[in-house]
Amino acid sequence: MVVTGVNDAAVISGNDAGAVTEDLNVSAANTLDYSGKLNVADADQGQAVFDTSRIVNKTANLGSISIDADGNWHYSVDNAKVQYLGQGETRTEVFTVYSKDGTAHDITVVVTGVNDAAVISGNDAGTVTEDLNVSAANTLDYSGKLNVADADQGQAVFDTSRIVNKTANLGSISIDADGNWHYSVDNAKVQYLGQGETRTEVFTVYSKDGTAHDITVVVTGVNDAAVISGNDAGTVTEDLNVSAANTLDYSGKLNVADADQGQAVFDTARIDNKTANLGSISIDADGNWHYSVDNAKVQYLGQARPVPRCSPSTPRTAPPTTSPSSSTASTMPR
1 MVVTGVNDAA
11 VISGNDAGAV
21 TEDLNVSAAN
31 TLDYSGKLNV
41 ADADQGQAVF
51 DTSRIVNKTA
61 NLGSISIDAD
71 GNWHYSVDNA
81 KVQYLGQGET
91 RTEVFTVYSK
101 DGTAHDITVV
111 VTGVNDAAVI
121 SGNDAGTVTE
131 DLNVSAANTL
141 DYSGKLNVAD
151 ADQGQAVFDT
161 SRIVNKTANL
171 GSISIDADGN
181 WHYSVDNAKV
191 QYLGQGETRT
201 EVFTVYSKDG
211 TAHDITVVVT
221 GVNDAAVISG
231 NDAGTVTEDL
241 NVSAANTLDY
251 SGKLNVADAD
261 QGQAVFDTAR
271 IDNKTANLGS
281 ISIDADGNWH
291 YSVDNAKVQY
301 LGQARPVPRC
311 SPSTPRTAPP
321 TTSPSSSTAS
331 TMPR
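Numbering (the UniProt record's numbering), first residue to last: 1 to 334.
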């Protein structure tokens, strides 16, 4: 009697799943590796082994797998190939292995990504000057361009909605996904800056993966001329209202307005004689001024005489010459 055999399907069990993580436990060869063990049972004599030459990629795999006859399998993928994965992103790779009789079994390896910090470069500094190149909207503006490189897929862009004021800024900044940024500040808000004074405004922008980068804009001030008003004229009369110190005195008040911070005061140390004055003047920071002249110094002045009227029958004659009865000084704001 002839007994003819039929194939008994193998039964495969064991560890058929693995996991690796980008940048974690990278080998000297820059690979991510995982090993496992499958078992095969087959009633057919000599069939309880694996076919080491038959492995099929069930997905478009980046890594590869090997298996020996006893079912020891090893997965390996180049770490560089999975850098595109972002934080927590996964990639599933499936391989089909076979026992000697052709029974198929899948091995699945999940690759998990981690964040690769972006590298930001480019123009991250700008300058504007008070009252210079003012826009129609009365703003001072500056534009620049940042670049971002990120190995993680889809991360090499900027987060247009996330901008943080790192300083107490008067201006604002915007940035698009490609890194084109624009700074703008109301020119009126920086009028307080004096000549050469600067204000530094710092903004933090972020790439999509959260990598931060600072943009710094320096605002430089110019001098805003002060506007002086108030009582700038006085009179004294020889021998009238003479003080105990034998002086003739007069006081007045000037006002000063200046957009530059700390400039709306008078320089108490700087008073110029604009004429050959006999008297002197003093002024305080608030503009209160005081004139004083020694009464004895003006005794040479004679009685002021009126100028005669001219008529058609009377030729115009010059009035008698008199010496000045008052002195003039100029004051300067700080």
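Even for Gly, the Cβ is constructed at its ideal location relative to N, Cα and C. Please read all numbers here as calculations on a predicted model, not as lab measurements.
Review point. Near D131, which residues of its chain fall below 7 Å by C-beta distance, leaving aside the five closest residues on each side in sequence?
Key: Start at 1 with the first residue of the sequence shown, and residue 131 comes out as number 131. Here the set comprises N187, V222.
Point to revise | Outcome for S53 when other beta-carbon atoms lying within 10 angstroms are tallied against a minimum of 16 | key: Looking up residue 53 in the sequence shown gives position 53. S53 should be labelled exposed.
Review point. Using the C-alpha atoms, what's the distance from L193 back to N257?
Key: Counting from one through the sequence shown, the residue named residue 257 turns up at place 257. Counting from one through the sequence shown, the residue named residue 193 turns up at place 193. Reading off the sequence shown, one finds Ala at residue 257, where the question assumed Asn. Distance between the alpha carbons of A257 and L193: 14 Å.
Practice item. Please classify N295: is it buried, with 16 or more other beta-carbons within 10 angstroms of its beta-carbon, or exposed? Key: Within the sequence shown, numbered from 1, the residue matching residue 295 stands at position 295. By the 10 Å Cβ count, N295 comes out buried.
Point to revise | 8 Å Cβ cutoff met for G86 and G179 | key: The residue labelled residue 86 in the question sits at position 86 within the sequence shown. The residue labelled residue 179 in the question sits at position 179 within the sequence shown. Contact flag unset, no.
Practice item. Out of T211, H213, H182, S172, state which residue places its alpha-carbon closest to the alpha-carbon of E201. Key: Taking the first residue of the sequence shown as position 1, residue 201 is located at position 201. Comparing Cα positions, the closest option is S172.
Check your understanding: What runs of the alpha helix (DSSP H), each 4 residues or longer, lie entirely inside the region 123-148?
Key -> none
Check your understanding: Which residues in the same chain have their Cβ closer than 6 Å to the Cβ of K208, if we skip the five residues on either side of it in sequence?
Key -> For this step, residue 208 is matched to residue 208 along the sequence shown. Contacts found: Q155, V157, D159.
Practice item. Return the CA-CA distance between R162 and L254, expressed in angstroms with no decimal places. Key: Counted from its first residue, the sequence shown places residue 162 at position 162. Counted from its first residue, the sequence shown places residue 254 at position 254. Each residue's Cα considered, the two are about 50 Å apart.
Review point. Quick one: is residue 339 buried, meaning 16 or more other Cβ sit within 10 Å of its Cβ, or exposed?
Key: This structure leaves residue 339 out entirely; the chain is present only between 1 and 334.
Check your understanding: What does a CB cutoff of less than 7 Å around Y75 pick up in its chain, not counting 5 residues either side in sequence?
Key -> For this step, residue 75 is matched to residue 75 along the sequence shown. Cβ neighbours of Y75 beyond the five flanking positions: G18, D33, Y34, G63, I65, V109.
Check your understanding: Under the three-state reduction of DSSP, which class applies to A60: helix, strand or coil?
Key -> Indexing the sequence shown from 1 puts residue 60 at position 60. Shown here, A60 sits in coil according to DSSP, grouped into three states, outside any helix or strand.
Exercise for review: Given a cut-off of 8 Å, decide if V190 and R199 are closer than it, judged by their beta-carbon atoms.
Suggested key: Here residue 199 is taken as the residue at index 199 of the sequence shown, counted from 1. Here residue 190 is taken as the residue at index 190 of the sequence shown, counted from 1. Going by C-beta atoms, R199 is nearer than 8 Å to V190.
Exercise for review: List the whole-angstrom C-beta distance separating H290 from D260, where the pair is believed to meet the contact cut-off of C-beta under 8 Å.
Suggested key: Translated into the one-based positions of the sequence shown, residue 290 becomes position 290. Translated into the one-based positions of the sequence shown, residue 260 becomes position 260. Not quite, the Cβ-Cβ distance comes to about 27 Å (not below 8 Å), so this is no contact.
**Study point:** Limits of the beta strand (DSSP E) - the one that K253 falls within
**Key:** As a first step, residue 253 is located in the sequence shown; it is residue number 253 there, counting from the start. First-last of the beta strand (DSSP E) with K253: 247-257.
Review point. Just how far apart, CA to CA, sit A69 and D101?
Key: Numbered from its first residue, the sequence shown carries residue 69 at position 69. Numbered from its first residue, the sequence shown carries residue 101 at position 101. Cα atoms of A69 and D101: separation of roughly 12 Å, rounded to the nearest angstrom.
Review point. Alpha carbon to alpha carbon, how far is A276 from L240?
Key: Position 276 of the sequence shown, counted from the first residue, corresponds to residue 276. Position 240 of the sequence shown, counted from the first residue, corresponds to residue 240. Cα to Cα, A276 sits roughly 23 Å from L240.
Practice item. Counting only runs of 3+ residues fully inside the region 80-124, write out the beta strand (DSSP E) ranges in chain order. Key: 90-99, 104-112, 119-122
Review point. Roughly how many whole angstroms lie between the Cα atoms of S13 and D150?
Key: Start at 1 with the first residue of the sequence shown, and residue 13 comes out as number 13. Start at 1 with the first residue of the sequence shown, and residue 150 comes out as number 150. For S13 and D150, the distance between alpha carbons rounds to 41 Å.
Review point. Between D8 and the rest of its own chain, which residues show a CB-CB distance below 7 Å, the 5 nearest in sequence each way excluded?
Key: Within the sequence shown, the letter at position 8 stands for residue 8. So the list reads D42, A43, D44, once near-sequence residues are dropped.
Review point. Can the beta-carbon of L38 be found closer than 8 Å to that of G71?
Key: Here residue 38 refers to the residue found at position 38 when the sequence shown is read from its first residue. Here residue 71 refers to the residue found at position 71 when the sequence shown is read from its first residue. Yes, these two residues count as a Cβ contact at 8 Å.
Check your understanding: In chain order, which continuous runs of the alpha helix (DSSP H) of length 4 or greater are located wholly inside the UniProt domain "RapA2 cadherin-like" (214-291)?
Key -> none
Review point. On the three-state DSSP scale, how would you describe K208?
Key: On the sequence shown, position 208 is the one that residue 208 refers to. DSSP places K208 in coil when its eight states are reduced to three.
Check your understanding: G113 to K58, Cα distance in whole Å?
Key -> Sequence index remark: in the sequence shown, residue 113 carries index 113 (1-based). Sequence index remark: in the sequence shown, residue 58 carries index 58 (1-based). Their Cα atoms are separated by approximately 21 Å.
**Study point:** Of the listed residues A104, N30, N79, nearest to D16 (C-alpha basis)
**Key:** Looking up residue 16 in the sequence shown gives position 16. Closest option to D16, Cα to Cα, is A104.
Point to revise | Closest residue to D116 among Q83, G46, D176 (Cα-Cα distance) | key: Here residue 116 refers to the residue found at position 116 of the sequence shown. That would be Q83, whose Cα lies nearest to the Cα of D116.
**Study point:** Own chain residues within Cβ distance below 7 Å of N246, not counting five before or after
**Key:** Taking the first residue of the sequence shown as position 1, residue 246 is located at position 246. If we look at N246 and ignore the five residues flanking it on each side, its Cβ neighbours are D294, N295, A296.
Check your understanding: Any idea which residues DSSP pairs E201 with across the strands?
Key -> On the sequence shown, residue 201 is found 201 positions in, with the first residue counted as 1. Residue pairing for E201: DSSP places it in a beta bridge opposite V217.
Exercise for review: At 3 residues or longer, and completely inside the UniProt domain "RapA2 cadherin-like" (3-75): list those beta strand (DSSP E) runs for me, N to C.
Suggested key: 11-14, 17-21, 31-41, 50-57, 64-67
**Study point:** Pick from L301, A177, A244, Y183 that is closest to N169, judged by C-alpha positions
**Key:** Along the sequence shown, read from residue 1 onward, the residue named residue 169 stands at position 169. Taking only the C-alpha atoms, the option nearest N169 is Y183.
Review point. Using the rule of at least 16 other Cβ atoms within 10 Å of the residue's Cβ for burial, across every protein chain shown, is S251 buried or exposed?
Key: Numbered from its first residue, the sequence shown carries residue 251 at position 251. Classification of S251: exposed, given that the 10 Å Cβ count is below 16.
Practice item. With a 10 Å radius around its C-beta and 16 neighbouring C-beta atoms as the bar for buried, classify G230 as buried or exposed. Key: Residue numbering aside, residue 230 sits at position 230 when the sequence shown is read from its first letter. Result: exposed.
Exercise for review: Would you kindly work out how many angstroms separate the C-alpha atoms of A60 and S143, rounded to a whole number?
Suggested key: Residue 60 sits at position 60 when you count from the first residue of the sequence shown. Residue 143 sits at position 143 when you count from the first residue of the sequence shown. Answer to the nearest angstrom: the Cα atoms are 44 Å apart.
Review point. Excluding five sequence neighbours on each side, which residues of the same chain lie with their C-beta closer than 6 Å to the C-beta of V134?
Key: Start at 1 with the first residue of the sequence shown, and residue 134 comes out as number 134. Excluding sequence neighbours, V134 sits near N187.
**Study point:** Proximal residues to Y98 (C-beta, below 6 Å), its chain only, five neighbours per side dropped
**Key:** For this step, residue 98 is matched to residue 98 along the sequence shown. Cβ within range, chain order: D51, R54, A104.
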